[in-house]
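Note that the protein sequences, when read in sequence, are chains A and B.
The first sequence begins at 980 in the working numbering and counts up by one.
The second sequence begins at 36 in the working numbering and counts up by one.
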Amino acid sequence: MRKIVIASMLLTITLLCSNCERVVEFDGEYKERKLVLNSFIGCNLESNTVTASKSAFIFAPNEYVEYIDNLPMEIKVNGIDCDNIQFLYTGEYAYRVNLKAKDKITIKAYPDNGEVVTAEEIMPDKPTILSVDTARFFQDNQLYMRTLIKIKDIPGERNYFRLHVRNRVIFNEGSMNEYYIEDTKYFINQDIVLSSLSGNEIKDEGNLYRIFPDDLFKDKEYTINVYFTFKELYPRERGEIIVELQAISESMYLYLRSLELAQNREVFDEPVKLYSNIKGGYGIWGTYNSRIWTVNVK
Amino acid sequence: MRSLSLIVLFLLLYSSAQAQSYTVSGYIRDAKTQESLIGLSVYDTAHSKGTTSNSYGFYSITLSKGKVNLRYSYIGYETLTSSFELTKDTTLQILLMPKSEQLAEVVVVGRNTHVESSRLGSINIPISQIKSMPSLLGESDLMKSLQLLPGVETVSEGKSDLSVRGGSPDQNLILLDGIPLYNSNHVFGFLSIFNADAVKNVNLYKAGFPARFGGRLSSVVDIRTNDGNMEHIKGSATVGLLAMKATVEGPIIKGKTSFSISMRRTYVDLFMDKVVDWIQDVDNETYKEGESSSNNDKYNFFFYDINAKLQHKISEKNSLFFLFYNGRDKMNTEYANKEGYSGELDAVTKQDWKWGSTIMASRWNHIVSGNMFLNTTFAYNSYNYDTGIRKNYTYFEYPDSRARNAQTRELVWVEPVEKQKYIALDYDSGIKDYSITSDLDFIPSPQHYFRFGAAYTYHRFKPEVISQRTGGESTDKVNYSDGHYIKAHEVAFYGEDDWDLTKKLRLNAGMRFSLFNVDDKTYTAVEPRLSFRYLLSDRLSAKVGFAHMQQYIHLLSSNSMLLQTDLWVPVTENVRPMNSNQLSAGLFYSLPGGFDFSVEAYYKKMKNVIEYKDGASFVGVSTGWQNKVERGQGRSYGIEFFVHKTLGKTTGWVSYALAKTERKFDEINYGEWFPAKYDRRHSVNVTVTHQLSKHFDLSANWLYSTGSTMTIPMTEVVHGYVPEDPYPSSSPVIDQIEQRNNYRMKGYHRVDLGVSYYTSRNTSRHGIWNFSVYNAYNQMNPFIVFTDYNEDQNGKYTKVMKQITIFPFIPSLSYTYKF
């Protein structure tokens, strides 16, 4: 009997440990290739671009994402055709439109599978920066520059914002050798609206795209608190802090949020559905309107 | 207090109004063991009236003065008849003799609880049937047996957790002798904590919940353990492939005081080290000479559980019970590295996982009068989940490069000093409850069965306590410690009546009031419960039920984690209580020969169910778990067919369920409904146990269910180039997921077979050999699937789907000796 028990044990362990992981054939439905359109449309830009590509079903052999170079498409602003769409390279197209707040901008594309892919978006209002204040502080033998950006929410609607701050040092200003360097690395962990994007702990910098909704300051003013490491300026150097506040469309906010979560997902994190507002396809047709405020640093 | 006075006044008035009737009451027990018998049918053939014994074996029937002819019948017992002239309130303690030969047919006289009861969505499975089912690794598993019932699904392959009618596992109220359990899992959920030898009775409620149950949305699993043999010392010992267990019960004072104790412990840990060493030796031999192998990992695992009960009859009217349960799982791993990071040498990293529950309770059963029974329970209940990592290593501390000779002032070389250091991280979570519960059964007439009760629970949650320590040869420093306790109070009052409105129409109407107070926030709920039964004939009834349920605690459990990661948290201001409304209706039919047939349909709507947000991580949940979960709604609907054969040589059931369950959250899946991970469209179960002869029992299960859902990427796209992107991604390609739970795994099916050999059935001392085969045709059912890269012969990588199967064909053998 002892032999039977031991033999059963060994057989069990062997079966449990062997061949538990294997490659299996995907038995679900094949996902048809779809057109992917990506464009972040800036209100103040001279020219905007849209990228066109095809999605790929990952379990299909030899099927990879492909850029589309000759895609028929129409872009309209408030129903008026934009007739200057120009193919640039590898799936990228440029177009010039005069945009202002509340304009409706639409795209209609005709991929070779016979479907019509569409998207539309409204240009947000220009955001308001009321003031930008700076102050130096020391912590752990390191000099930092704190930047307090006072903004005002656009009343009566839900708004989404994106912040971009550049710390620029201009060298040899006015001379033939003038040049500048920019540092765009800054810390947001002292600001509640910027640091509560995913609910996760701040991973390194967190909130890669510096996006935030107006949930915590609806219809009110709010002072954003960001800071960065700073070096004292030498003679022949001049500093500028360039604050760019973008009012972004809800679609752009949802897309950037999902993109960051998807790009930084770790093994045990929940899956992320990448947002899309392209009907009949994937991608993003997002709009933003910027306000720039520059502060000279002495 | 005022409402309590009103209830007492009402009961007294009602009793006096029934003055022309007399009550027959008492306990019904097994004649050999004096174990109380639950749900036994008592029927007076003279008046065509009946009742059933309650969860403590107490019965009460109030009848008109005159001749009575009471018949007591129960499956597996000789029917007992008692005829007498009823002239006064009478106490009749009933001892039923078990049938010596279970092969004989039993005829249930008078009442057919399947058809006559107003309950729907509830099933009772005899524990003897559970024990005779095929087992996994030689362990009969109560929870896995319940998974074979219609409307009950496993959460994933091999797991003991239940999903009942589309609900999550934390929505099941699992009661051990009336005390809620927070953990029912051993071995990361692959075995349940219930030792079948200690269990007397199991009832599962899926709908039409009586008002006495509350606090969970989807089901009640009411498990009652053995009280202990009052007459003789009895016991059993079992050796299986995974564990060994022993049960002993008997009288301390014959007929007055008894004990029952069951213990189970794995013994694989005793030889696990050697098996792992052996596997690694083989593995290391494959390394070429000169190469070093870092394969020095060690793993070990064990669990144990103890169920103990002490019963003391103070008098015919008063009994005391003391209950103790303790169960623990422990897994540890050890990784050794000769050279680690940053100059670490001989680093040894040990990780421990420990979890388990402890319950201590005392119960007082008191017969207030012939038709009034009081049960009062004081309980302490704790569940803990702890894990810790500790790394010990040595390093060389180099001397100060500026050290100089004191006399010559020349720089000198000082030998580096070897030092020991450790870094440790501990993570604790858990919940502790202190509770008092009082339940009063009042049976004024055969037409009414009132139940009233109140419960108070003081919860102390420890969602997470994390501490980090470092130390050396003489130092010990706590670098970081965080976490706090959350205290909460839960109160409930209920009242219900099982009321025969007419001979054909019965109503079970109840109301439960619940209150939960946490962090100065108080939630209350009024939970109506209603079910009707209409007798269409003696053998056919139609039933309709409605139940509103409220749940104040949540279990955070990661979708992605395969290990035990359960974290119980209370409701908060933002995460509100879950609640559900379930409407169900069914037809119940009994055929001669012990066949019960039922078909039930249900619709369940759930509010405030929670789910982790997109991208949320279980790790580091202490930094605001509330921000990581999303509140939403769920809905489940379906129809279940069930044929249950309870009598004869061959018993078992066949069931089919057609169901759909979905979830909807504002910020998950962008507000669109998606299939819940518990969604199974079709599910079929066949369970058969056959007594072949005096020596042999055969058993078999076959089950099929639609595959479970999970989220995997199937499409790749080019993502947008983000203007002013400070850290542009190296690849423009990213996975596009259509929706949460977008992939359904292959259908799950398997056959389990078992054969039991009894050396004798008629003697008290005998042995039972059980040989079982789990997954007899070696179906490679998926436990999890995921995408990965495969490299072909040309070095080209392609994405493929991989599957992990954890339970292929598994034979097992166990031997039980009964005495």
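Ideal Cβ positions, reconstructed from N, Cα and C, are used throughout, including at glycine.
Beta-carbon spacing of residue i, residue j below 7 Å
{"i": "G669 (chain B)", "j": "T724 (chain B)", "result": "no"}
{"i": "L1220 (chain A)", "j": "I1128 (chain A)", "result": "With the sequence shown as reference, residue 1220 (chain A) is identified as Ile, and Leu is not the correct amino acid for it. Result no, Cβ atoms of I1220 (chain A) and I1128 (chain A) do not sit closer than 7 Å."}
{"i": "Q1242 (chain A)", "j": "S764 (chain B)", "result": "yes"}
{"i": "T125 (chain B)", "j": "V59 (chain B)", "result": "yes"}
{"i": "L105 (chain B)", "j": "Y57 (chain B)", "result": "no"}
{"i": "M168 (chain B)", "j": "A66 (chain B)", "result": "no"}
{"i": "I501 (chain B)", "j": "Y558 (chain B)", "result": "no"}
{"i": "V77 (chain B)", "j": "T68 (chain B)", "result": "no"}
{"i": "V820 (chain B)", "j": "M780 (chain B)", "result": "yes"}
{"i": "N1073 (chain A)", "j": "S1026 (chain A)", "result": "In the sequence on display, residue 1073 (chain A) carries Ala and not Asn. Closer than 7 Å, so yes."}
{"i": "N543 (chain B)", "j": "D535 (chain B)", "result": "no"}
{"i": "A459 (chain B)", "j": "R398 (chain B)", "result": "no"}
{"i": "S254 (chain B)", "j": "N218 (chain B)", "result": "no"}
{"i": "L358 (chain B)", "j": "A396 (chain B)", "result": "yes"}
{"i": "T840 (chain B)", "j": "C999 (chain A)", "result": "yes"}
{"i": "K348 (chain B)", "j": "I402 (chain B)", "result": "no"}
{"i": "S90 (chain B)", "j": "R541 (chain B)", "result": "no"}
{"i": "E665 (chain B)", "j": "E646 (chain B)", "result": "yes"}
{"i": "F818 (chain B)", "j": "N776 (chain B)", "result": "no"}
{"i": "L409 (chain B)", "j": "L355 (chain B)", "result": "no"}
{"i": "A1031 (chain A)", "j": "Y1043 (chain A)", "result": "no"}
{"i": "R1189 (chain A)", "j": "L1142 (chain A)", "result": "yes"}
{"i": "I1257 (chain A)", "j": "Y1234 (chain A)", "result": "no"}
{"i": "E492 (chain B)", "j": "S470 (chain B)", "result": "In the sequence as displayed, the identity of residue 492 (chain B) is Thr instead of Glu. A contact, by the Cβ cut-off of 7 Å."}
{"i": "Y624 (chain B)", "j": "L575 (chain B)", "result": "yes"}
{"i": "T273 (chain B)", "j": "S849 (chain B)", "result": "yes"}
{"i": "L226 (chain B)", "j": "L181 (chain B)", "result": "no"}
{"i": "K497 (chain B)", "j": "S417 (chain B)", "result": "no"}
Sheet register partners of residue i (DSSP bridge)
{"i": "G488 (chain B)", "result": "B:D474, B:Y529"}
{"i": "E675 (chain B)", "result": "B:E635, B:A692"}
{"i": "H347 (chain B)", "result": "B:T292, B:L355"}
{"i": "R495 (chain B)", "result": "B:K467, B:K522"}
{"i": "N406 (chain B)", "result": "Beta-bridge pairing links N406 (chain B) to no other residue."}
{"i": "I1227 (chain A)", "result": "A:Y1139, A:Y1267"}
{"i": "Q668 (chain B)", "result": "B:K642, B:K699"}
{"i": "T87 (chain B)", "result": "B:S76"}
{"i": "V1162 (chain A)", "result": "One detail in the question is off: residue 1162 (chain A) reads as Asp in this sequence, not Val. D1162 (chain A) pairs with A:N1146."}
CB-CB length for residue i against residue j, believed under 8 Å
{"i": "N372 (chain B)", "j": "K385 (chain B)", "result": "That pair is no contact at about 13 Å."}
{"i": "L216 (chain B)", "j": "S392 (chain B)", "result": "6 Å"}
{"i": "Y1286 (chain A)", "j": "V1015 (chain A)", "result": "With chain A covering 980 to 1277 only, the question about residue 1286 (chain A) has no answer from this structure."}
{"i": "N230 (chain B)", "j": "S297 (chain B)", "result": "5 Å"}
Partner residues on chain D for residue i, Cβ-Cβ distance less than 7 Å
{"i": "F1005 (chain A)", "result": "This model lacks chain D altogether; the protein chains it does include are A and B."}
Original post:
Can you list the beta strand (DSSP E) stretches of 3 or more residues lying completely in the segment 750-818 of chain B, in chain order?
Top reply: With a minimum length of 3 residues, the continuous beta strand (DSSP E) runs that stay inside the segment 750-818 of chain B are 750-753, 768-771, 783-793, 801-809.
**OP:** Spell out a yes or no on whether the segment 1148-1155 of chain A and the segment 1092-1106 of chain A are touching, meaning 3 or more CB-CB pairs, one atom from each, closer than 8 Å.
**Re:** Look at the beta carbons and you see the segment 1148-1155 of chain A not touching the segment 1092-1106 of chain A: under three pairs across the two are nearer than 8 Å.
Original post:
So does the segment 1249-1266 of chain A actually touch the segment 739-753 of chain B, counting three or more Cβ pairs closer than 8 Å?
Top reply: yes
**OP:** Can you check the segment 136-202 of chain B for any alpha helix (DSSP H) of at least 4 residues that lies completely inside it and give the ranges in chain order?
**Re:** 148-151, 162-167, 177-181
Original post:
Is the segment 676-694 of chain B close to the segment 183-201 of chain B, with three or more CB pairs under 8 Å?
Top reply: Contact holds between the segment 676-694 of chain B and the segment 183-201 of chain B, because three or more Cβ pairs, one in each stretch, are under 8 Å apart.
Original post:
For the segment 1035-1070 of chain A, which segments carrying the beta strand (DSSP E) assignment without a break, of at least 3 residues, lie completely within its bounds, in sequence order?
Top reply: 1052-1056, 1065-1068
Subject >> Secondary structure, beta strand (DSSP E): runs of 3+ residues fully inside the segment 1064-1115 of chain A >> reply: 1065-1068, 1071-1074, 1083-1088, 1096-1101
**OP:** Within the segment 1180-1209 of chain A, note down every full beta strand (DSSP E) run reaching 3 residues or more, in order along the chain.
**Re:** 1190-1192, 1200-1208
**OP:** Could you name each continuous beta strand (DSSP E) segment of 3 residues or more that falls completely within the segment 195-266 of chain B, going from the start of the chain to the end?
**Re:** 197-199, 207-211, 234-240, 254-260
Original post:
Just checking, does the segment 282-297 of chain B make contact with the segment 242-257 of chain B on the three C-beta pairs under 8 Å criterion?
Top reply: Segments in contact, no.
Original post:
Do the segment 1042-1055 of chain A and the segment 1076-1096 of chain A meet, that is, are 3 or more Cβ pairs less than 8 Å apart?
Top reply: Pairwise C-beta distances place the segment 1042-1055 of chain A in contact with the segment 1076-1096 of chain A, as three or more of them are shorter than 8 Å.
Original post:
Taking contact to mean at least 3 C-beta pairs separated by less than 8 Å, is the segment 615-631 of chain B in contact with the segment 570-587 of chain B?
Top reply: Touching, yes, given that three or more Cβ pairs across the two stretches are closer than 8 Å.
Subject >> Cβ pair count under 8 Å reaching 3, the segment 301-312 of chain B against the segment 826-841 of chain B >> reply: no
Original post:
For the 8 Å Cβ check, are there 3 or more pairs between the segment 725-735 of chain B and the segment 781-801 of chain B?
Top reply: yes
**OP:** Counting only runs of 4+ residues fully inside the segment 545-608 of chain B, write out the alpha helix (DSSP H) ranges in chain order.
**Re:** none
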